[in-house]
Structure formats: structure tokens, C-alpha cells
Amino acid sequence: MNYCIQVGAFLNLDNAVGLMDKLNAKGLDAYYFKDNTGLYKVRFGNYQTEPTVRETALQLQTKGIIEAYLIIKPEDQAAARAVGRGKNYLREQIVKTAENFVGMPYHWGGQSPKQGFDCSGLTMAVYRLNGLELERTSGSQYQTGKPVTREALQAGDLVFFATGKDKKISHVGIYIGQDQFIHAPSSGKKVRTDLLSQAYYVKTYSGARTYM
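Okay, structure coming up:
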């Protein structure tokens, strides 16, 4: 998790979408999510250091691209986590979000329902909708998460696979519990649920990561 910039919180979804579209037109890759209070929050960016994110936000404000803003620190990224509900609530929401995308077509480079998804585009989109920002590729997501053993897996964690001869991380899915994970398999297929215990995934499994 890195730093990002929050530029709006709305009761009306259309307002959040409008601001998101405006920022995306400027090339900022903005997104929105609904937090536990019912507000739709608009964020963008994935910055490694606090000085970098603050300088960027100030420059954008000076240019009139954004107005008021809030710097979101890595430890505060899980904005959808409800007070008193803890991490389990967030994990449940991640699973529900992922389940909504089952049946969507695979599309290399895709990261939205409109485009379709590739494997890391799916995980990034699901996490974004719950207030968590991930890196774009499966390899980068693997590097930035906290290692989790197979036995300690919890719903919402990411599971990674090395499907090529070079043994590099090349595939990722969202663990949903009871040996199951949701993923975007490959070209010509759709987002679906599979079992970690299936022979192919046992053979290619490389580890798991948590971001919560």
C-alpha cells in the first residue's frame, strides 16, 4: 500500500462519478468507493513517499485540477473498514465485491466491468471498490503484500501462482474461504471460482499475501 489523494466525499453517486470522470480525463486514474458511512469517496494516485504525494497534490491544486484534498496514508487506506466491525467486515465486503464480477469476460489489460478483467486488473478493481489501492501487476502485488501461509489464509487475501517455465509470479486470485478463490483465468474465459486443491493450482501455487 502507498499514499493516495482523496478529493471528494459525496452522498450522491452521480457526483462521485462525475468527479471521477473529470479526473480520469486528465489522466489521473481516479476511482470511487462507498465507505461504511454511506459516502462515495473519490481517490487517485499510488505514491511511494509522503513528500511526493504532497508535492503532486499541491501542483494539481495550483493548476486548478483539484480543489480541497486529503492525503491518505498507507495505514489509512482501508477506509471501508467500519468502526467496531474490524477487518472481518472488510474481508466480507471484498468477497462480495469479487462475487459480483463472476461471469465477466477476461480481457488482457482490463480492469473494469466495461472492459473485462485480466487477473491483476480484477484484484485491483475489487480492492479499489473497498478503499484499498494495489499495484497493477500480479508480480508487484506479490511484492508489496504481507506474506501469509496457506494454513493462515483468510477471505480477501490474494493467492499467487507461477504458471510459466520461468517460475515468476504470473497469476493472482482472491481467496474467498473454504479452499476457493475467484480469478480471471485467461483469454477466452470468464471470471470464475476455482479450488486451490485442484491439481493445476497445487502445482503452480507460489504463496499468498494480505493487505489488511
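In terms of the working numbering, the sequence shown opens at residue -8 and continues consecutively.
Every residue, glycine too, gets a C-beta built ideally from N, C-alpha and C.
Look at tyrosine 38 and lysine 32 and say whether their C-beta atoms are less than 8 Å apart. The residue labelled residue 38 in the question sits at position 47 within the sequence shown. The residue labelled residue 32 in the question sits at position 41 within the sequence shown. Not a contact, by the Cβ cut-off of 8 Å.
Buried or exposed, going by whether 16 or more other CB atoms sit within 10 Å of the CB of threonine 215? As displayed, the chain neither begins before -8 nor continues past 203, which places residue 215 out of reach and without an answer.
What residue range is occupied by the uninterrupted beta strand (DSSP E) comprising glycine 6? Reading the sequence shown from its first residue, position 15 is the one you call residue 6. Per the sequence shown, residue 6 should be read as asparagine rather than glycine. Segment 4 to 16 is the alpha helix (DSSP H) holding asparagine 6; no beta strand (DSSP E) there.
Which whole-angstrom value describes the C-beta separation of histidine 129 and phenylalanine 151, a residue pair presumed to lie in contact below a C-beta threshold of 8 Å? Within the sequence shown, numbered from 1, the residue matching residue 129 stands at position 138. Within the sequence shown, numbered from 1, the residue matching residue 151 stands at position 160. According to the sequence provided, residue 129 is serine. The question's histidine does not apply to it. Indeed they touch by this definition, with Cβ atoms about 6 Å apart.
In chain order, what residues of the same chain lie with their CB nearer than 7 Å to the CB of serine 111, ignoring the 5 residues before and after it? Here residue 111 refers to the residue found at position 120 when the sequence shown is read from its first residue. Same-chain partners within the cutoff: Arg127, Thr128, Ser129, Gln132, Val163.
Apply the 10 Å Cβ neighbour rule to alanine 48 and answer buried if 16 or more other Cβ atoms are within range, or exposed otherwise. For the purposes of this step, residue 48 is taken as the residue at position 57 of the sequence shown. So alanine 48 ends up on the buried side.
What does a CB cutoff of less than 7 Å around alanine 73 pick up in its chain, not counting 5 residues either side in sequence? One-based indexing of the sequence shown puts residue 73 at position 82. Residue confidence is low: alanine 73 scores 43 on pLDDT, short of 50, so the model does not pin down where it sits. Its coordinate-derived value is still stated next. Taken in chain order, the residues that qualify are Asn27, Tyr80.
CB-CB length for leucine 125 against threonine 114, believed under 8 Å: Here the question's residue 125 lines up with position 134 in the sequence shown. Here the question's residue 114 lines up with position 123 in the sequence shown. The pair is a contact, with the Cβ atoms about 6 Å apart (cut-off 8 Å).
If you pair each beta-carbon of the segment 136 to 156 with each one of the segment 43 to 63, do three or more pairs fall below 8 Å? no
Quick test of your reading: aspartate 148 and tyrosine 166, contact by CB under 8 Å. State the CB separation rounded to the nearest angstrom. The residue labelled residue 148 in the question sits at position 157 within the sequence shown. The residue labelled residue 166 in the question sits at position 175 within the sequence shown. Right, their Cβ atoms sit about 5 Å apart.
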